[in-house]
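Notes to accompany the following structure.
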Amino acid sequence: MKYRKFGKLDWEVSALGFGAMRLPTEGKDYGKIRTEEARTLIRHAIDNGVNYLDTAWIYHRENSEGFLGNALADGYRKKVKIATKMPTWMVEKPGDLDRFFDAQMERLQIDHIDFYLLHALQQDWWDKMKRFHFLDWAEKKMTDGVIGHLGFSFHDKFPLFKQIIDDYDNWALAMVQHNYMDADREAGLQGIDYAADKGLAIVVMEPLRGGQLAKEPPEDVKQILEDAVPGRSPAEWSFRWLWNQDNISVVLSGMNTMEQLRQNLHTVENAKIRSFTGIEFKAIANTRKAYESKAPILCTDCWYCMPCPQGVEIPSVFDYFNTARIYSDLPTAKAYYASLGEENNAAKCTLCGRCIEHCPQHLDIIKLLKECHVLLYTEV
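Following our numbering, the numbering of the sequence shown begins with -16 at its first residue and continues without gaps.
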């Protein structure tokens, strides 16, 4: 395992971190974790040098933290640092800060959290956290020794990212969505550089855009990558692009099979800072252009929009729509869409807007669902 400096802290983090958001589950039931398989993955990662684990209140429909608490028994807790997050959009009054935090400590079976983050910050939720004096609350927790360091995860634009950093002098880390398709979105490279210059560790989420960049690519994309470096997998391209950047501390991966974990462990051993060649940079630039011309819905499958009150499986609908466009395979996409059944397809949308409020990508989900249904629905 390779290790990197974690911002201004006197600690080195494994370049690969384990994100407990996409653990193996029972079929399509996102809330039902296959605990034995997932525990084996977590422990294998730790045994091979991974020392940073990330979870949150909402992951796996509020089951991720509890799973992780059990998985880190038998001495594994001492080998890692854990990060979890305050669900900012669910906080309705100042007293909720303690309510959520205490429940998280119980779920994780700990009395001290290494890194505590404000989750998915955007303007409204940052403003609310300031009204509720979150930073004062957190400073007291740090004084009491129950929180080690503060951070935030982010889904908005660079000006707010800069404001959040400038509003507080003691941030330890910023967690940002970053991959070669999103280099100029949200905080972007500009934000990463700004945060790093201020001494914050950069934690990368969505390195594969919810798995999109690990899938078998379209033929034109495959040819671009193969011509540049024969035999390198799409996932390896994505991780190497990230680990080439010296401002990145740790890249989180939501690995849900042993094969994925082993591949990522192999990749990190062979990835180096500032090792990308001109040929590789050109291949990534051309790949980005090719994908942008094909993928109309830039959903990362994060599930923040779920559960839909009406039962619409929003991430699946968008995935099938993109499958039709990216791979020019409408029959397969229609077959997948039909498998959702009438009770879970986009026609069930009642325009309530709850999904839009929670979407980190700020997609116009209601409008997109209508477009998806028109393209994919085949009346029996």
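Don't be surprised by glycine CBs; every beta carbon is placed ideally from N, CA and C.
Opposite H132 in the DSSP bridges: which residues?
F98
Distance, Cα to Cα, F141 vs Y177?
10 Å
So, does the segment 161 to 168 touch the segment 131 to 139, judging by three or more C-beta pairs under 8 Å?
In short, these stretches do not touch, since the Cβ pair count stays below three.
Which of helix, strand or coil does DSSP assign to Y303?
helix
Helix, strand or coil for D203? Go by DSSP, reduced to three states.
helix
Grab me the residues of M241's own chain with a C-beta within less than 8 Å of its C-beta, minus the 5 sequence neighbours each way, in chain order.
T23, L24 and H27
Would you kindly check if the distance between the Cβ of L191 and the Cβ of A218 is under 8 Å?
yes
Could I get the ranges of all uninterrupted alpha helix (DSSP H) runs contained in the segment 176 to 257, with 4 residues as the minimum, in chain order?
202 to 211, 217 to 226 and 241 to 253
Is the segment 198 to 209 touching the segment 290 to 301, taking contact as three or more C-beta pairs under 8 Å?
no
What did DSSP end up calling V(-4) once you bin it into helix, strand or coil?
strand
How about D312 and D284: do their beta carbons lie closer than 8 Å?
no
Can you list, in chain order, the residues of its chain with a C-beta nearer than 7 Å to that of V363? Leave out the 5 residues immediately preceding and following it.
With a pLDDT of only 48 at V363, under 50, the local geometry of the prediction cannot be trusted, and no value is derived from it.
For a quick check, are the C-beta atoms of S(-3) and V233 less than 8 Å apart?
yes
So, at 6 Å on beta carbons, what are the nonlocal neighbours of I175 in its own chain, with the 5 sequence-adjacent residues on each side left out?
I185 and N230
Can you grab the Cα-Cα spacing for the pair I147 / L235, in whole Å?
If I take the Cα positions, the gap works out to 22 Å.
Alpha carbon to alpha carbon, how far is T361 from E354?
14 Å
Quick one: what's got a C-beta closer than 8 Å to D94's C-beta in the same chain, skipping five residues either side?
If you ignore the 5 residues before and after D94, its C-beta comes within less than 8 Å of the C-beta of M88 and V129, all in its own chain and listed in chain order.
Looking at the unbroken beta strand (DSSP E) that takes in V357, where does it start and where does it end?
Segment I348 to L359 is the alpha helix (DSSP H) holding V357; no beta strand (DSSP E) there.
If you count every other CB in all the chains shown that lies within 10 Å of the CB of H138, and 16 or more means buried, which is it?
buried
Can you tell me which of M289, T71, T126 and K124 puts its alpha carbon nearest to the alpha carbon of K113?
T71
Locate the alpha helix (DSSP H) running through K265, then write down its first and last residues.
G261 to E275
Taking M188 as the reference, which of L225, D150, E326 and I16 has the closest Cα?
Checked all of L225, D150, E326 and I16; the closest Cα to M188 is L225.
Whole-angstrom Cβ separation of G(-10) and L183, contact assumed at under 8 Å?
5 Å
State yes or no: is the C-beta of P213 within less than 8 Å of the C-beta of I309?
No, Cβ-Cβ distance for P213 and I309 is not below 8 Å.
DSSP three-state call for D(-13): helix, strand or coil?
Correcting the residue identity first, residue -13 is Arg in this sequence and not Asp. Strand, per DSSP.
Using the C-alpha atoms, what's the distance from K64 back to A56?
14 Å
Buried or exposed: Q228, going by 16 or more other Cβ atoms within 10 Å of its Cβ?
buried
Given that a residue counts as buried once 16 or more other Cβ atoms are within 10 Å of its Cβ, and exposed if not, what is D347?
exposed
Should C335 be labelled buried (16 or more other beta-carbon atoms within 10 Å of its own) or exposed?
exposed
Using the DSSP secondary-structure output, state which residues sit across from G2 in a beta bridge.
D37
Tell me where the beta strand (DSSP E) around L156 begins and ends.
It spans W154 to Q160 - the beta strand (DSSP E) in which L156 sits, taken as one unbroken run.
Does DSSP classify F83 as helix, strand or coil?
helix
Between which two residues does the alpha helix (DSSP H) containing G52 stretch?
S47 to A54
Taking all protein chains shown into account, decide if M(-16) is buried (16 or more other Cβ within 10 angstroms of its Cβ) or exposed.
It counts as exposed.
Candidates K(-12), A179, L(-1) and L(-8): which alpha carbon is nearest G237's?
L(-1)
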